[in-house]
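Residue numbers (the numbering used here), protein chains in the order written: chain Y, 1 to 97; chain S, 1001 to 1317; chain P, 2001 to 2252. Only one structure is covered here, and it is reproduced in the block below.
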Amino acid sequence: MSTTDNQLPLWEVFIQSKSGTPHKHAGSIHASDKNMALENARDIYTRRGEGRNIWVVLSDQIAASKTEDEAEFFDPADDKVYRHPSFYKVPDGVKNM
Amino acid sequence: MKTPEERLNHFNACIESEVKIEPKDWMPDEYRKTMIRQLSQHAHSEVIGMQPEGNWVLRAPSLRAKKILLAKIQDEGGHGLYLYSAAETLGISRDEMIEQLHSGKAKYSSIFNYPALTWADIGAIGWLVDGAAIVNQISLQRTSYGPYSRAMVRICKEESFHQRQGYEIMTTMMNGTAEQKEMAQDAMNRWWWPSLMMFGPPDNESAHTKQSMQWKIKRESNDVLRQRFIDKTVDQAHFIGLTVPDKNMKFNESTQQYEISPIDWEEFKQVISGNGPCNHKRLSHHIKVHKQGKWVREAALAFSKNQQKNKATLFTN
Amino acid sequence: MNTKKALYNYCLRLADNNLIAGQRLAEWCSNGPILEEDLAMTNFALDYLGQAEFHYNYAAELEGKNRSGDEIAFTRSERQYFNCLLLEQPNGDFAQSMMKIFLYSAFAKLLLGALTHSQDERLAALATKGIKEIKYHFRHSSECIIRFGNGTEESQHRSQFALNEIWPYTADLFEMNDTDQALISLGIAVDLNSLHTSWLLSVNEILNAANLSVIHNQHMYKGGYKGNHTEHLGHLLCEMQYLQRAHPGAIW
Chain Y
1 MSTTDNQLPL WEVFIQSKSG TPHKHAGSIH ASDKNMALEN ARDIYTRRGE GRNIWVVLSD
61 QIAASKTEDE AEFFDPADDK VYRHPSFYKV PDGVKNM
Chain S
1001 MKTPEERLNH FNACIESEVK IEPKDWMPDE YRKTMIRQLS QHAHSEVIGM QPEGNWVLRA
1061 PSLRAKKILL AKIQDEGGHG LYLYSAAETL GISRDEMIEQ LHSGKAKYSS IFNYPALTWA
1121 DIGAIGWLVD GAAIVNQISL QRTSYGPYSR AMVRICKEES FHQRQGYEIM TTMMNGTAEQ
1181 KEMAQDAMNR WWWPSLMMFG PPDNESAHTK QSMQWKIKRE SNDVLRQRFI DKTVDQAHFI
1241 GLTVPDKNMK FNESTQQYEI SPIDWEEFKQ VISGNGPCNH KRLSHHIKVH KQGKWVREAA
1301 LAFSKNQQKN KATLFTN
Chain P
2001 MNTKKALYNY CLRLADNNLI AGQRLAEWCS NGPILEEDLA MTNFALDYLG QAEFHYNYAA
2061 ELEGKNRSGD EIAFTRSERQ YFNCLLLEQP NGDFAQSMMK IFLYSAFAKL LLGALTHSQD
2121 ERLAALATKG IKEIKYHFRH SSECIIRFGN GTEESQHRSQ FALNEIWPYT ADLFEMNDTD
2181 QALISLGIAV DLNSLHTSWL LSVNEILNAA NLSVIHNQHM YKGGYKGNHT EHLGHLLCEM
2241 QYLQRAHPGA IW
């Protein structure tokens, strides 16, 4: 943080646009506490009726995987086709499966 | 761990294959610097751009006009905020960016150093200035840095009404009294050339264009974007009876493009280097407001610390 | 006073309050202490201006003289505006502006709450729409006041000063006249006396949480609803009405 002034801590904003849908990352805002963060998120990211629920979390509280680790993290899932239903043969004519 | 060469190859391959660069990805220092410079300049432009229009909010001639103008200026603040956030993912804080703006190290679009003198200027700013910005921003939706690209997508969506509202003001005034028509033409005369300058110097003189194009930060050159803007805007002007202040402008039948007179780049250089009509006013206003707001930001931070200490809580609901 | 005239006046009062609140808040545009708060203040302004437009349009219908809502909003003179004194006061610093929104929204929340039961369907419908916005203004401004009161020495000092400056204009919010009298018995208008205790309660709860205290026995200014304003209103109107006055009849 800068020594001469402050713009308040950074928060990440997640908006749920419709009931039943997941919260999606909308962007960030600056705020000094949870209430302010929620209200700032409301004022900035739901001006056109985009929201029905908001989550905010301090940006420095988010852990993220590294892009360099992409291969180790995610490639191993690529060849586990048996996790997907289309992998399995079902005799023709069998229904409701 | 990858070797430096492997990382650079990986980065170049991403750029080549249109894979967006994300905040935690390795990137060349120059790419990071260029991105920060462009993002902060874009963000500052949005925020400084609130001032010329803000100059007319209190005098807007109808409730409808006042609401529209306020909502538009608010969008600009919001867009500044999105862009600051995108820049923050590159490791620079908003405090630092604001410091750089105040020290003159960071720039903002020179267009906002022109004054908004009459209500017609609000029309001209929306139609011409936002119109030019939109041409540029649509192109930037495909920029190579992920957060910038995503911010641009959101901004383009939200700004789609800005140009229309400006054109609506111009149209209404061109259908109005003689005085209103005169105001509209006068605003057109004053804002036309500065809007064309918004796309930056010609390609052969642009310092950053080549590298930025290679990295796909910029997707189309200054001159290409400028010409696109001219071609759509001239027809819009004629449609409502406005004259483009360029006597020698010609329509080239074979290219189907308007050919304009040379742009006065000396004026552009003067304004960029601080000698525009409002450079001092815009910056000193931002500095003044920033200083005046300091105690509010300090209070908010102090409260959050006190809250943790004393368990003084805010009322929720 | 006949009912129609009284209803017109009452509608104007609601409209004028909203317009003057919106105009003052719009002054914060590009002047906020932090970008987020700049946008929040603009949202408030837009809420008030939206409500103003509805009320002016209704007033124009009631008047029945073929004037538009805008003409009523922009072409009257000082003495014909019926807004409360509190809202026309200059913005001062951020603490004073916030204090104005806080004290006013605490009042408007109760007023609109009661007006949702008005026998006049239009007023009731507008109140139902407006109260959601006002509740949010009250929440946001209350929290700000609590932060200031428990923030730094400077913010404590500024918010106490703001309270001292603004409080003398709060009695005016509850000052009734012929207009109210003509409409209360018909169940159209709200008896403002009935709101006073609740207002004090909700305001004091926040002020206590903010460690701020009201100086009692100050002179209280009144007269806004009758068109007796402070000198500040005239200047606000000069600026706001400039184009309408300079180009009579022009369409924008």
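From the three backbone atoms N, C-alpha and C, an ideal C-beta is built for every residue, glycine too.
Discussion item. Taking the beta carbon of P:Asp1977 as the centre, do at least 16 other beta carbons fall within 10 Å, making it buried, or is it exposed?
Written reply: Residue coverage of chain P in this structure runs from 2001 to 2252, which leaves residue 1977 of chain P outside it and unanswerable.
Practice prompt. Can you tell me which of the three DSSP states P:Ala2250 falls into?
Written response: Three-state result, P:Ala2250: coil.
Worksheet item: Which of helix, strand or coil does DSSP assign to S:Tyr1318?
Response: Shown here, chain S extends from 1001 to 1317; a query on residue 1318 of chain S therefore has no answer.
Item to complete: Inspect the beta-carbon positions of S:Glu1168 and S:Asp1075 and report whether they are closer than 8 Å.
Response: Not a contact, by the Cβ cut-off of 8 Å.
Fill in: Stretch-stretch touch, CB-based, cutoff 8 Å, three pairs: the region 1042 to 1058 of chain S with the region 2056 to 2069 of chain P
Contact fails: fewer than three Cβ-Cβ distances are below 8 Å.
Worksheet entry | Beta-carbon spacing of S:Met1197, S:Phe1268 below 8 Å | Yes.
Fill in: Closer than 8 Å at the beta carbon, the chain S residues around Y:Asp78
Correct list: empty, because the minimum Cβ distance to chain S is about 17 Å.
Discussion item. Can you tell me which residues form a DSSP beta bridge with Y:Glu12?
Written reply: For Y:Glu12, which the question treats as bridged, DSSP gives the partners Y:Ser28 and Y:Val57.
Worksheet entry | C-alpha gap between Y:Asn35 and P:Pro2248, whole angstroms | Our two residues, Y:Asn35 and P:Pro2248, have alpha carbons roughly 47 Å apart in a direct line.
Worksheet item: Does DSSP put P:Asn2275 in a helix, in a strand, or in coil?
Response: The displayed coordinates of chain P run from 2001 to 2252. Any statement about residue 2275 of chain P would go beyond what the structure contains.
Fill in: Buried/exposed call for Y:Thr4, threshold 16 Cβ in 10 Å
Because the pLDDT of Y:Thr4 is 49, which lies under 50, any placement of that residue in the model is unreliable, and the question is left without a value.
Worksheet item: According to DSSP, is S:Ile1021 helix, strand or coil?
Response: S:Ile1021: strand per DSSP, three-state reduction.
Worksheet entry | DSSP three-state assignment for Y:Met1, whether helix, strand or coil | Its pLDDT being 39, under 50, Y:Met1 is placed unreliably in this model, and the value from its coordinates should be taken loosely. In the three-state reduction of the DSSP assignment, Y:Met1 falls in the coil class.
Worksheet entry | Span separating the alpha-carbon of S:Leu1069 from that of S:Ala1060 | Looking at the two C-alpha atoms, the distance is approximately 8 Å.
Discussion item. When you compare the CB positions of P:Gln2119 and P:Leu2186, do they come within less than 8 Å of one another, or not?
Written reply: With respect to the 8 Å criterion, P:Gln2119 and P:Leu2186 are classified as neighbours on the basis of their beta carbons.
Discussion item. Closer than 8 Å between beta carbons: that is the criterion. Which residues of the region 2017 to 2043 of chain P meet it against chain S?
Written reply: Residues Leu2019, Gly2022, Gln2023, Ala2026, Glu2027, Cys2029, Ser2030, Asn2031, Gly2032, Pro2033, Ile2034, Leu2035, Glu2036, Glu2037, Asp2038, Leu2039, Thr2042 and Asn2043.
Fill in: Given 8 Å, three or more beta-carbon pairs between the region 48 to 59 of chain Y and the region 15 to 28 of chain Y
Using a Cβ-Cβ distance cut-off of 8 Å, the region 48 to 59 of chain Y and the region 15 to 28 of chain Y are in contact, since at least three pairs of beta carbons, one from each stretch, lie closer than that value.
Worksheet item: Excluding sequence positions up to five away, which residues of its chain have a Cβ less than 6 Å from the Cβ of P:Phe2174?
Response: Counting only residues of its own chain and dropping the five nearest sequence neighbours on each side, P:Phe2174 has a CB closer than 6 Å to the CB of Leu2192 and His2196.
Discussion item. I'd like to confirm the pairing. Which residues does DSSP put opposite Y:Lys95 in its beta bridges?
Written reply: Under DSSP, Y:Lys95 takes part in no beta bridge, so it has no partner.
Worksheet item: Around the C-beta of Y:Ser2, are 16 or more other C-beta atoms found within 10 angstroms, so that it is buried, or is it exposed?
Response: Caution applies to Y:Ser2, whose pLDDT of 39 falls short of 50 and renders its modelled position unreliable; the model cannot decide the point.
Worksheet item: Could you check where the beta strand (DSSP E) with S:Phe1251 kicks off and where it finishes?
Response: Looking at the DSSP string, the run of the beta strand (DSSP E) that includes S:Phe1251 is Lys1250 to Asn1252.
Worksheet item: Can you tell me the Cα-Cα spacing of S:Pro1262 and S:Asp1203, whole angstroms?
Response: Cα to Cα, S:Pro1262 sits roughly 14 Å from S:Asp1203.
Worksheet entry | Interface residues of chain S facing Y:Lys66 [CB-CB closer than 7 Å] | Correct list: Lys1024.
Worksheet item: Quick one: complete alpha helix (DSSP H) runs, 4+ long, within the region 2089 to 2122 of chain P?
Response: Within the region 2089 to 2122 of chain P, the runs of alpha helix (DSSP H) that reach at least 4 residues and sit entirely inside it are, in chain order, 2094 to 2115.
Fill in: Whether P:Leu2086 touches P:Asp2172 by CB criterion (8 Å)
Contact: yes.
Item to complete: Return the residues of the region 18 to 30 of chain Y that lie within a Cβ-Cβ distance of less than 8 Å from chain S, sorted by chain order.
Response: Within the region 18 to 30 of chain Y, the qualifying residues are Gly27, Ser28, Ile29 and His30.
Worksheet entry | Same chain, Cβ closer than 8 Å to P:His2219, neighbours up to 5 away in sequence not counted | Cβ neighbours of P:His2219 beyond the five flanking positions: Pro2168.
Worksheet entry | As assigned by DSSP and simplified to three states, the class of Y:Tyr88 | In this structure, Y:Tyr88 counts as coil in the three-state DSSP scheme.
Worksheet item: Quick one: does P:Met2240 have its CB under 8 Å from some CB of chain S?
Response: Against chain S, the CB of P:Met2240 has a partner CB under 8 Å away; the residue lies at that interface.
Worksheet item: Which class does P:Tyr2058 belong to by DSSP, given the choice of helix, strand or coil?
Response: DSSP, read as helix, strand or coil, puts P:Tyr2058 in helix.
Item to complete: Please check if any C-beta of chain Y sits within less than 8 Å of the C-beta of P:His2229.
Response: Cβ-Cβ to chain Y under 8 Å: no for P:His2229.
Item to complete: Count the other CB atoms, across all protein chains shown, that sit within 10 Å of the CB of P:Glu2143; report buried if there are 16 or more and exposed otherwise.
Response: The C-beta of P:Glu2143 has 16 or more other C-beta atoms within 10 Å across all chains shown, which makes the residue buried.
Discussion item. Strictly below 8 Å CB to CB, what residues from chain Y border S:Leu1301?
Written reply: Within 8 Å of the CB of S:Leu1301, the CB atoms of chain Y belong to Asn6, Leu8 and Ser32, in sequence order along the chain.
Item to complete: Would you check if the distance between the CB atom of Y:Ile29 and the CB atom of P:Glu2036 is smaller than 8 Å?
Response: Taking the C-beta atoms as reference points, P:Glu2036 is found nearer than 8 Å to Y:Ile29.
Fill in: S:Trp1265, buried or exposed, once every other Cβ within 10 Å from all chains shown has been counted against 16
Classification for S:Trp1265: exposed.
Worksheet entry | Given S:Ala1120 as reference, the closest of S:Trp1191, S:Ala1086 and S:Leu1081 once Cα atoms are compared | Comparing alpha-carbon positions, the option among S:Trp1191, S:Ala1086 and S:Leu1081 lying closest to S:Ala1120 turns out to be S:Trp1191.
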